[in-house]
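Colleague:
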Amino acid sequence: MLSFRMELPCLCLLLLSCLQSLSAHNDFFTSIGQMTDLLYTEKDLVTSLKDYIKAEENKLEQIKQWADKLDSLTLTATQDPEGFLGHPVNAFKLMKRLNTEWGNLESLVLRDTTDGFISNLTIQRQYFPTDEDQTGAAKALLRLQDTYRLDANTISTGNLPGVKHKSHMTVEDCYELGKIAYTDVDYYHTELWMAQALKQLDEGEESTLDKVTVLDYLSYAIYQQGDLERALEYTKRLLELDPEHQRANGNLKYFQFQLEKQKKAEEDETGTQKERGKRETTEKKKKKPKSVSGHQIPERKKYEMLCRGEGIKLTPRRQSRLFCRYYNNNRNPRLLLAPIKQQDEWDRPYIVRYLDIISDKEIERIKHLAKPRVRYSLKFSVAWLTGYDDPMIETINQRIEDLTGLEMDTAEELQVANYGVGGQYEPHFDFGRKDEPDAFKELGTGNRIATWLFYMSDVAAGGATVFPDVGAAVWPQKGTAVFWYNLFASGEGDYSTRHAACPVLVGNKWVSNKWIHERGQEWRRPCGLNETE
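Going letter by letter, the sequence shown gives residues -24 to -1, 1 to 509 in mature numbering (1 follows the signal peptide of the UniProt record, and there is no 0).
#1: Considering just the uninterrupted stretch of the beta strand (DSSP E) at residue 298, what are its terminal residues?
#2: Taking the C-alpha atoms as reference points, what is the distance between residue 323 and residue 12?
#3: Any chance the stretch 416 to 426 sits against the stretch 290 to 310, with 3 or more Cβ pairs inside 8 Å?
#4: Could you tell me which residues DSSP pairs with residue 490 in its beta bridges?
#5: Return the bridge partner residues of residue 499 from the DSSP annotation.
#6: Grouping DSSP H, G and I as helix and E and B as strand, with all else coil, what is residue 28?
#7: Within the same chain, show all residues whose beta-carbon is closer than 8 Å to that of residue 288, passing over the 5 residues directly before and after it, in chain order.
#8: Please check the pair residue 500 and residue 311, which I expect to be a contact at CB under 8 Å, by giving their CB distance rounded to whole angstroms.
#9: What are the residues that DSSP puts in a beta bridge with residue 394?
#10: Alpha carbons only, please: which of 164, 438 and 54 is nearest the one belonging to residue 279?
#11: Where do the ends of the beta strand (DSSP E) carrying residue 317 lie?
#12: Using the Cβ count rule (16 or more neighbours within 10 Å means buried), how would you classify residue 430?
#13: Would the beta-carbon of residue 74 fall within 8 Å of that of residue 67?
#14: Using 8 Å as the threshold, is the C-beta distance between residue 428 and residue 407 below it?
#15: What residue does the beta strand (DSSP E) around residue 221 start on, and which one ends it?
#16: Would you tell me roughly how many angstroms separate the C-alpha atoms of residue -1 and residue 399, rounded to the nearest one?
#17: From this set, 273, 36, 135 and 133, which residue's C-alpha is nearest residue 88's C-alpha?
#18: Can you name the start and end residues of the beta strand (DSSP E) that residue 404 belongs to?
#19: Flag this pair as yes or no: are the beta carbons of residue 120 and residue 126 separated by less than 8 Å?
#20: So for residue 62, helix, strand or coil by DSSP?
#21: For residue 402, tell me which candidate among 199, 177 and 277 has the shortest Cα-Cα distance.
#22: Which value, in whole angstroms, describes the spacing of the CA atoms of residue 33 and residue 17?
#23: Counting pairs of Cβ atoms below 8 Å between the stretch 141 to 153 and the stretch 492 to 499, do you hit three or more?
#24: For residue 201, which residues from the same chain have a beta carbon less than 6 Å from its beta carbon, with the 5 sequence-adjacent residues on both sides left out?
#25: Taking C-alpha atoms, which residue in 8, 63 and 285 lies nearest to residue 478?
#26: Suppose contacts are defined by Cβ-Cβ distances below 8 Å. Is residue 508 in contact with residue 443 by that definition?
#27: Please classify residue 318 as buried or exposed, where buried requires at least 16 other C-beta atoms within 10 Å of its C-beta.
#28: Residue 169: buried (16+ other C-beta within 10 angstroms of its C-beta) or exposed?
#29: Excluding the 5 residues flanking residue 198 on each side, which residues of the same chain have their C-beta closer than 6 Å to its C-beta?
#30: Helix or strand or just coil, what does DSSP make of residue 227?
#31: Measuring straight from C-alpha to C-alpha, what distance separates residue -18 and residue 91?
#32: According to DSSP, is residue 164 helix, strand or coil?
#33: State yes or no: is the C-beta of residue 432 within less than 8 Å of the C-beta of residue 488?
#34: Are the Cβ atoms of residue 308 and residue 356 separated by less than 8 Å?
#35: For residue 328, which of 379, 358, 365 and 344 has the nearest alpha-carbon?
#36: Need the endpoints of the alpha helix (DSSP H) that residue 93 sits in, please.
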């Protein structure tokens, strides 16, 4: 017992050292890289918990041994109390036990072995994810559900494409998702996840939650979406389980009243429409039908379709004009003996991919350098690296210059990004538009002429870079990079380069990019005379 209690401060120091790399206010859900640290933190906490359990077991074992010994002793003594106490040693030992040993036992029982575990837990709690992290991760799941058109059961059972570690959601997990959606006044997702929680309860899953609680949320969410009949149906089911439920009884009467009112309104409307229809029939015959123009698909829908691999607009004829080659950029001395594999990804805008352009060793070094410098945004984390951080960054910059022929001295620092749960980047332009004349004024290097993007990890599912306006999708492939011009040679912006990063469905997405600017390119990419040249 004593040795255990002496080891606890050492364990506290070990846990503290493991936590030094964590920030007290990190948005963990924005970065898979950051969340890996939490796994190790949790592992250390489990070790501390096991030590506490061992200490409790040791204490109980001592108490049990004492109880067994006295049980045997008192059984013998009470059979012949006077004869037993007639032995002076037995009389002395009885006095000693009651005066001293029972007091020691009391101290043993009252001894608090939780100190070490609780202090460790307290130390770690300040580094735990916050309510904001939990809500962020939940909303990311809902975003993935919408983008990739996944039903709640598919997510709950863990049947996602490319998963290595399948994970099942409990009733409580589904209920928590539904509650977060409810708090966000998102009744659509509230319904989906409360219905999934109810389904799992109906299938016999054990849970601390009861069906009444789930049905209460479910019926209200359905009512808020205007489906009175189904809301009434679930309210009746709730009342079968709990006939005295005050809110459900009130809702029952209200839903029934509203349905009657709705039914009457529909009957009146039907009669009015019939009368109006007779009058309008003749007029419609006289009028020529208007031509229906093709409706435009909203950008958000196009974006989500491309993320799912749908709606890609590359025709077979255009695809036949895309090639792959060994590339040395007009016999660049550094590429002459070791040309790079290059393949066309898209024709308009022209997007090209370079294969085996960054090594695993370089990738790991970049990630190592980036982690301590991470800054957090809503759905991913970023860091910026320069040649001052490591000479290898300068080597990579030179490689980009050799392949693109563009000056890197005026380019922005290498940006490294790690996408978290459902991490994405909404559709955007990399260049400054005419309505943003001061977009990069503080840099003094002109507009962003081109974008270079390294893929530093494979992604099991999702995570594509998509161009909604032209129906293009480029998928992550570790060790490759893609490149495109944001500006025409005339300096005008190429609006077809509007792009987005699809949410990561399964896996971990690391990228790094270089935004290349106009200044310094005067002789490397001469101006064009045509606006879209």
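The beta-carbon is built from N, C-alpha and C at its ideal position, and this holds for glycine as well.
Modeller: According to the structure data:
#1: Per DSSP, residue 298 belongs to no beta strand (DSSP E) and is neither H nor E.
#2: Cα-Cα distance, rounded: 39 Å.
#3: no
#4: 428
#5: Paired residue(s): none; residue 499 is not in a bridge.
#6: helix
#7: 282, 447, 448 and 449
#8: Going by Cβ atoms, the distance from residue 500 to residue 311 rounds to 16 Å, so no, they are not a contact pair.
#9: 357 and 486
#10: 438
#11: Per DSSP, residue 317 belongs to the beta strand (DSSP E) from 316 to 322.
#12: The residue in question, residue 430, is buried, as its Cβ has 16 or more Cβ neighbours within 10 Å.
#13: no
#14: no
#15: Following the DSSP letters along the chain, one finds residue 221 in no beta strand (DSSP E), marked with neither H nor E.
#16: Caution applies to residue -1, whose pLDDT of 37 falls short of 50 and renders its modelled position unreliable; the model cannot decide the point.
#17: 36
#18: 401 to 404
#19: The Cβ atoms of residue 120 and residue 126 sit closer than 8 Å to each other.
#20: coil
#21: 277
#22: 25 Å
#23: no
#24: 163
#25: 285
#26: no
#27: buried
#28: Its Cβ being crowded by 16 or more others within 10 Å, residue 169 is buried.
#29: The beta carbon of residue 198 is closer than 6 Å to those of 167, 206 and 207 in its chain, skipping five residues each way along the sequence.
#30: helix
#31: The predicted model places residue -18 with a pLDDT of 36, which falls under 50 and marks its position as unreliable; any figure quoted below should be read in that light. For residue -18 and residue 91, the distance between alpha carbons rounds to 12 Å.
#32: helix
#33: yes
#34: no
#35: 379
#36: 91 to 101
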